[in-house]
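Please read the structure below before turning to the comments.
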DNA sequence: CACAGTATGAAATGAATAGTCTATTTTAGA
DNA sequence: TCTAAAATAGACTATTCATTTCATACTGTG
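Protein chains in written order, with our numbering: chain A, 17 to 287; chain B, 17 to 287.
The following block contains the structure:
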């Protein structure tokens, strides 16, 4: 049992699979083919299920795992589960450590932020629900006017949305709180509000969203986690999980999502 | 046990989770919170693992599952396993899947923007000059006051910088152009200006940068390409190339660079 | 302060699942 | 066609895991 040679990454796994699949007895070849075509279900299936799918006995499937260098099916599955469950490291602690050590040279700091950006984007791509996304675009494209609110951390996102709509000549209004002027009464029937807020949720944003709902206007929310109070309002929620650095948040994912929505709306309206 | 009312979709699940999480005993609340934050690992975890993650006993976790309307953990997990394949983690595959919905569809747009953001970040990490970056941080950390200007496309970046400095109690002022009020005379000797502008370069931003230089204030520029007019002013130039998609520009790289600078300055000042 | 109702944790139970072993079948070479 | 080696299937075992049970600790109320 050459367990030491077990593939450590998905790439290595595929490589090994391809490598050994040439010289394989019939049943094991079936396993190889089935696995190659259904890699994604390994993490959530049992030996019995996979064996049936490949049309072989469970024991054959286990022999197949061993041939690839694993000690058994469990070890193989562990590889796939680990990769999926891979939690992004705790950036807050990492950042603090970096600061403490004083080794926080700006370029290593940048490396951290860049990596956080990668994680956020990958996570976004992985978890976005295309149905929810296209519904949001639908709702917005029917709006007479789009209102945008997002303060504090969320303000850059709101500002970018306002910019994008402006460039596409889509009627939109940014509620930015300048002069503490409240423009809530600009929200009329037929309008839609985009509310962006992340924990800790801005009271002003929530209030405006509430007001919009009370006027019968749909609210499209861009927010983190599923506990967002915006959900209580019956808002159409787009969830985006982003890596936090203590008080700061990589905004890569939120911005990408926002610009997608904006361009999506613009595309629909041009037709 | 109202097993008939078990959530059938992830959306329903989240809804229910949020619905019941208000009135829950401590341990079950812990489960709810943990699950809300780690939904993605349910499909590939065991009760014991999740329970440990939430800091509760496995039995408590099962009580939690029942509260949500499932017959037990297995039924809950079945829900997540069923949809697992669609969210297969391999980033590239997932992007391709998103694009399958057809060009112009919201999800394919998202895939494009995510890709653009990703390459922008890659680009940034590759091309950044660590000497220039740490010099910029040096210059800024010596400033009596930091002025920030960035309009149009660059405004979200400027706004985020202003937010970050505010959070770190670093004296900073955002020149946002509200009311066409020009605050240039707030720029005094000892201050530093961060000017952010991308092609086509905003005249207002350039003018302000010019003014700052004329007052003998250093200017740290965040801009694209080497042809930026800010270079002519003798500004300290941080270059960031963003990948365009259509008319729009991913801001991921610019924001990451900006936040790096801000946090870098904050770190120096805390010492 | 006592009591009822609820929540909790530890351990026992029982089901599902991975992994092993061996008799049988298939295959290849003489 | 016979024989030896390899491959396979299916029964068997050991393990892991979800779930239940029950004794104990809280919590709020009269």
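Idealized CB from N, CA, C, for every residue including glycine.
Asked, Found
"Are the C-beta of residue 25(A) and some C-beta of chain B separated by less than 7 Å?", "no"
"Pull up the CB-CB distance for residue 22(A) and residue 86(A), whole angstroms please, since I reckon it's below 8 Å.", "5 Å"
"Under 7 Å, Cβ to Cβ, is there at least one residue of chain B near residue 281(A)?", "no"
"In angstroms with no decimal places, state the Cα-to-Cα distance between residue 204(A) and residue 269(B).", "37 Å"
"Give a yes or no on contact between the stretch 162-175 of chain A and the stretch 187-196 of chain A, applying the rule of three or more CB pairs nearer than 8 Å.", "yes"
"What does residue 101(B) reach in chain A if we use C-beta pairs closer than 9 Å?", "54, 56, 57, 60"
"Going by DSSP, name the residue or residues bridged to residue 211(B).", "165(B), 237(B)"
"For residue 253(A), report the span of its beta strand (DSSP E) as first-last.", "252-255"
"Among the residues of its own chain, which have a CB less than 7 Å from the CB of residue 40(A), if the five just before and after it don't count?", "48"
"At the 7 Å Cβ level, is residue 217(B) part of the contact set with chain A, yes or no?", "no"
"To which residues of the same chain is residue 160(B) closer than 6 Å at the C-beta, ignoring the five residues directly before and after it?", "206, 207"
"Within its chain, find whatever has a CB closer than 6 Å to the CB of residue 100(A); leave out the 5 residues flanking it on each side and keep chain order.", "59"
"Going along chain A in order, which residues have a C-beta closer than 7 Å to the C-beta of residue 117(B)?", "146"
"From residue 157(B) to residue 182(B), what distance separates their C-alpha atoms?", "14 Å"
"Beta-carbon separation of residue 67(A) and residue 120(B) under 7 Å?", "no"
"Using a Cβ-Cβ cut-off of less than 7 Å, list which residues of the stretch 121-140 of chain A approach chain B; keep chain order.", "121, 122, 123, 125, 126, 127, 129, 130, 133, 134, 137, 138, 140"
"With distances taken between CB atoms, is the gap from residue 70(B) to residue 46(B) smaller than 7 Å?", "yes"
"Beta carbon of residue 171(B), beta carbon of residue 53(A): below 7 Å?", "no"
"What in chain A is Cβ-close to residue 256(B), meaning under 8 Å?", "Near residue 256(B) there are no residues of chain A at all, since even the closest Cβ is about 11 Å away, more than 8 Å."
"Short of 6 Å in beta carbon distance, which residues of its chain neighbour residue 184(B), apart from the five on each side in sequence? Order them along the chain.", "282"
"Residues of chain B with CB under 7 Å from residue 176(A), in chain order?", "172, 267"
"In the DSSP assignment, what are the bridge partners of residue 189(A)?", "163(A)"
"Looking at the secondary structure, which residues open and close the alpha helix (DSSP H) in which residue 75(B) lies?", "74-83"
"Verify the CB distance criterion: does residue 94(B) have a CB-CB separation below 7 Å to chain A?", "no"
"Sorted by chain position, which residues of the same chain lie with C-beta nearer than 6 Å to residue 210(B)'s C-beta, five sequence neighbours on each side aside?", "164, 236"
"Rounded to whole angstroms, how far is the Cβ of residue 200(B) from the Cβ of residue 227(B), which I believe are closer than 8 Å?", "5 Å"
"Excluding the 5 residues preceding and the 5 following residue 144(B) in the sequence, name in chain order all residues of the same chain whose CB lies nearer than 7 Å to its CB.", "none"
"With 16 as the cutoff for other CB atoms within 10 Å, does residue 240(A) come out buried or exposed?", "buried"
"Our contact map puts residue 177(B) next to residue 213(B) with C-beta atoms below 8 Å; I'd like the distance itself, whole angstroms only.", "Contact doesn't hold; Cβ gap of about 13 Å is too wide."
"Please list the terminal residues of the continuous alpha helix (DSSP H) segment that includes residue 146(A).", "146-157"
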